[in-house]
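Count along the sequence shown from 1, add 7, and you get the number used in the working numbering.
Written out below as structure tokens is the structure these notes cover.
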Amino acid sequence: MDLAGSAGGLKIESYQAGRWAAAGGTTPWQQAVRAVFRVPLAGAARATRDWAAILSPEERTRAAAFRFAEDREKFMASRGALRMILASALGDEPDALRFDYGPHGKPTLATPWEGSGLCFNLSHSGDWTLIALSRGGLVGVDVEFHRPDLEFEKLARRFFSDSDCRRLLALAPDETMPGFYRCWTRKEAYIKAVGGGLSIPLRNFDVSLEPNLPAAILATRPDPLEAGRWQMEDIAVENNYGAAVCWEKRENGPSPGRFLVTPCDK
């Protein structure tokens, strides 16, 4: 399936060498081991009918449960875009795909696609959805709109590890908000990659959050070796947004040069 003609006029883009480009059928993401896409949700309402045609009955039921039309439309656009991207990667039709769900709600491809080795994850916030794919390894992605009204210190002390809190509160005042979101999105990306949901406390592991350090898991508890299983990268979505992706490392896996996603300056 060619993504160039995205439903409803919404433009699906893939992240290539630190920049976004239209995810048409000839772009290199289809040969990549790992890929990240963004979907604009500001125009989700005009695409609702197109998305509804490819969603499953269960997805349409979930969409109908949203109280507000905007939330319903964004859910349908996100799931519709996910189906289009997966179908393009698998060489199938988007309405044919079926999903299984883990104990904490993480979706995976169901029969007959479960043996494809294709893993995926989705996150949306504000006007954007991010979708990450990985061939042969787990992946998690998180995007968050920057809300300056949040009580960053209070939330950090409640949820982050002692190390995270100390380093966050040591930042310059104008770095507190971006530092908080760097920490939050990196932690969420890891939890979503593992598929553990709320069963993995955010304070059980430390991540980098300083502006001059690359995204990384610094320490994991109780198993200190767990940190070495993962690679993290930041994704530049748009001003006032923070995002990160977490990839599972694999033995004999691809070299960094084959990663479609590359680190970017925030």
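C-beta: ideal position from N, C-alpha, C; glycine also.
All values reported here derive from a predicted model rather than from experimental measurement.
Taking 9 angstroms as the cut-off, decide whether the C-beta atoms of Ala117 and Phe106 are in contact.
Along the sequence shown, one-based indexing puts residue 117 at 110. Along the sequence shown, one-based indexing puts residue 106 at 99. Judged by beta-carbon spacing, Phe106 lies within the 9 angstroms limit of Ala117, meaning their Cβ atoms are closer than that value.
Using the Cα positions of Ala51 and Glu245, report the straight-line distance between them to the nearest angstrom. Counted from its first residue, the sequence shown places residue 51 at position 44. Counted from its first residue, the sequence shown places residue 245 at position 238. Using only the alpha carbons, I get a separation of about 18 angstroms.
- Provide the residue(s) that pair with Ile61 in DSSP beta bridges, ordered along the chain. As a working note, residue 61 is residue 54 in the sequence shown. BP columns for Ile61 are empty, so no partner.
* Could you have a look at Ser206 and say whether DSSP puts it in helix, strand or coil? => Sequence index remark: in the sequence shown, residue 206 carries index 199 (1-based). Helix.
Selection from Leu225, Ala84, Ala139 and Ala60 that minimises the alpha carbon distance to Glu100: What you label residue 100 is simply residue 93 of the sequence shown in a count that begins at 1. Comparing Cα-Cα distances from Glu100 to each of Leu225, Ala84, Ala139 and Ala60, the minimum goes to Ala60.
- Item | Whether Gly124 touches Gly143 by CB criterion (9 angstroms) | Position 117 of the sequence shown, counted from the start, is the residue given in the question as residue 124. Position 136 of the sequence shown, counted from the start, is the residue given in the question as residue 143. Cβ distance < 9 angstroms, so Gly124 and Gly143 count as in contact.
Under the three-state reduction of DSSP, which class applies to Asp230: helix, strand or coil? Position 223 of the sequence shown, counted from the start, is the residue given in the question as residue 230. Here Asp230 carries a coil assignment [DSSP, helix/strand/coil].
Note to self: Quick test of the definition: if touching needs 3 or more C-beta pairs under 8 angstroms, does the region 177-187 touch the region 131-138?
What the structure shows: Verdict: no, contact absent.
- request: Could you tell me which of Phe127, Ala30, Leu62 and Cys172 sits nearest to Ala196, measuring between CA atoms?
  value: One-based indexing of the sequence shown puts residue 196 at position 189. Comparing Cα positions, the closest option is Phe127.
Cβ shell of Ala94 (< 7 angstroms), same chain only, five flanking positions each side left out
Counted from its first residue, the sequence shown places residue 94 at position 87. Result list for Ala94: Met8, Glu100, Pro101 and Leu104, in chain order.
(message) Could you give the first and the last residue of the continuous beta strand (DSSP E) run that contains Leu178?
(response) By one-based count along the sequence shown, residue 178 stands at place 171. From DSSP, Leu178 is part of no beta strand (DSSP E); its letter is neither H nor E.
Next item on the list: Check whether the Cβ atoms of Met91 and Arg67 lie closer than 9 angstroms to each other.
Entry: Translated into the one-based positions of the sequence shown, residue 91 becomes position 84. Translated into the one-based positions of the sequence shown, residue 67 becomes position 60. For the pair Met91 and Arg67, the CB atoms are not nearer than the 9 angstroms cut-off.
*Are the region 185-200 and the region 234-250 touching by the rule of at least three beta carbon pairs closer than 8 angstroms?*
Yes, since at least three Cβ pairs between the region 185-200 and the region 234-250 fall closer than 8 angstroms, the two stretches touch.
Q. In angstroms, rounded to a whole number, what distance separates the CA positions of Leu225 and Leu205?
A. Reading the sequence shown from its first residue, position 218 is the one you call residue 225. Reading the sequence shown from its first residue, position 198 is the one you call residue 205. Rounded to the nearest angstrom, the two C-alpha atoms are 20 angstroms apart.
Buried or exposed by the 16-neighbour rule on C-beta atoms within 10 Å, applied to Arg154
Counting from one through the sequence shown, the residue named residue 154 turns up at place 147. By the neighbour-count rule (16 or more Cβ atoms within 10 Å), Arg154 is not buried but exposed.
Rounded to a whole number of angstroms, what is the C-alpha to C-alpha distance between Leu175 and Trp237?
Counting from one through the sequence shown, the residue named residue 175 turns up at place 168. Counting from one through the sequence shown, the residue named residue 237 turns up at place 230. Between Leu175 and Trp237, the C-alpha separation is close to 22 angstroms.
Item to check | Sequence-distant residues of the same chain with beta carbon closer than 7 angstroms to Gly202, five excluded per side | outcome: Taking the sequence shown and counting its residues from 1, one reaches residue 202 at position 195. Here the set comprises Gly109, His111 and Lys113.
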